[in-house]
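Undergrad: Residue numbering for the sequence shown is 3 to 311, as defined by the numbering used here.
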Amino acid sequence: MQQAPELPDQVTESVNVLQFRHEELRNSHVHLKGAIRDSVHHVLVVKGTELATVKAFADKSIATIAAWMLSATFNEFIMLCLQGSTGSSKHDALCAAAVYASFTSIAVPFGLWLLRGHDEDRSSTIISDQKTLLRLCLPMFFAWAWKDFVGAVFSLDEKLWPEVIVAVVLTLVIGLSEALPVFRRSQAAIKAGGSGDTLCARIAAMPTNLGLAVGYAWNQIFAYGPNELKAMTSTNLFIMMIQVVYYLIVISVITAVSIAWSRNHDVKALAAEQSVRAEGSEVGPEQNGDNEGKQGVQQQQQQQQQQQQ
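1) Near A69, what residues of its chain come up, given a Cβ to Cβ distance below 7 Å and the 5 sequence neighbours on each side ignored?
2) Let me make sure I understand the geometry here. Which of A207, A203, C97 and G195 has the alpha-carbon closest to that of L158?
3) Could you give the DSSP three-state label for A207: helix, strand or coil?
4) Look at the alpha carbon of G286 and the alpha carbon of N29, and state the distance between them as a whole number of angstroms.
5) Rounded to a whole number of angstroms, what is the C-alpha to C-alpha distance between T75 and A37?
6) From what residue to what residue does the alpha helix (DSSP H) around S197 run?
7) Report buried or exposed for K149, applying the criterion of at least 16 other Cβ atoms within 10 angstroms of its Cβ.
8) Using a 10 Å radius around the Cβ and a threshold of 16 neighbouring Cβ atoms, would you call Q289 buried or exposed?
9) Out of curiosity, what's the CA-to-CA distance linking I253 and P164?
10) Measure the C-alpha to C-alpha separation of V114 and K133 and round it to an integer number of angstroms.
11) What's the call for N266, buried or exposed, on a 16-neighbour Cβ count within 10 Å?
12) Buried or exposed for L27, going by 16 or more other Cβ atoms inside 10 Å?
13) Count the other C-beta atoms from every protein chain shown that fall within 10 angstroms of the C-beta of N238, then say buried if there are 16 or more, exposed otherwise.
14) Quick check on I80: buried or exposed, where buried means 16 or more other Cβ atoms within 10 Å of its Cβ?
15) If we ignore side chains and look at the alpha-carbon of each, how far apart do T313 and S63 end up?
16) Candidates A225, I241 and N211: which alpha carbon is nearest I176's?
17) Which of the three DSSP states, helix, strand or coil, is assigned to A225?
18) Cβ of V155 within 7 Å of Cβ of V168?
19) What do you reckon, are the CB atoms on Y218 and V152 nearer than 7 Å?
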């Protein structure tokens, strides 16, 4: 008698090959699906970030212009009220700037505290838009007020050393304020919201808005040389060339410092991310081994069932 061909083994081998190819196709499909999803998500995130950046820049620019015009108006009004009270126009301007800066130091954090719940309001109404504009303008009122105060101080004596003293003092005040624990706690409470977002926390976090005054003070110091050069000539072309060269030098220095600062921050963030991944990889191999063992047992059970069939 002739023996029958071993068809079950061939069928089993064919089934195993088909199952293997099916798994390969399924894994490829899952990988392709995930790649497409990640690519689309990345594009949407980039587009959303660009739109948010443009919108934030436009809102900030409008708020800066509006605050500048209103601050100048309020300052002139205070100067008219105090005109002739000190016997000197420079001292009148200094008193007016001091009054306006003192007023904004209390009124601005109080206004920001009253508008603390506006971020949760997503309605597109005229009232909501005006609240958003006011919330963006309030810090600029404070910034312009202290910038005008620094300018009034500089106008009393046009020598260089008072400007250096004011710039150094302002820089130290901001640096020491941001180094204090109460400043960090206040910023964290404002960011978290809730009961910790108090008026005192808003007042303690206001030194961060003195950047305009500090930048103006240091710019007056750095511009001392170009201003002396411009005073030596009456030709408008030479004056413009001196200003353009000064602008290019300052922009180059600021850009280089900003890139170095950002690169240092990115390196620290990358190191922190790698440390987190390293901690997670200590547990990963064991989990992967368990998963591979479970998959092997399942494959053996499937093969046994197929052979029995």
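Don't be surprised by glycine CBs; every beta carbon is placed ideally from N, CA and C.
TA: With the structure as the only source:
1) C139, M142, F143 and W146
2) C97
3) coil
4) Here G286 scores only 47 on pLDDT, less than 50, and its place in the model is too uncertain to base an answer on.
5) 57 Å
6) Premise fails: S197 is in no alpha helix (DSSP H) and is neither H nor E.
7) buried
8) Annotation note: pLDDT 47 at Q289 (below 50); position unreliable, coordinate value reported separately. Q289 should be labelled exposed.
9) 25 Å
10) In the sequence as displayed, the identity of residue 114 is Leu instead of Val. Rounded to the nearest angstrom, the two C-alpha atoms are 10 Å apart.
11) exposed
12) exposed
13) exposed
14) buried
15) Here the chain covers residues 3 to 311 and nothing more, so residue 313 does not appear.
16) N211
17) coil
18) yes
19) yes
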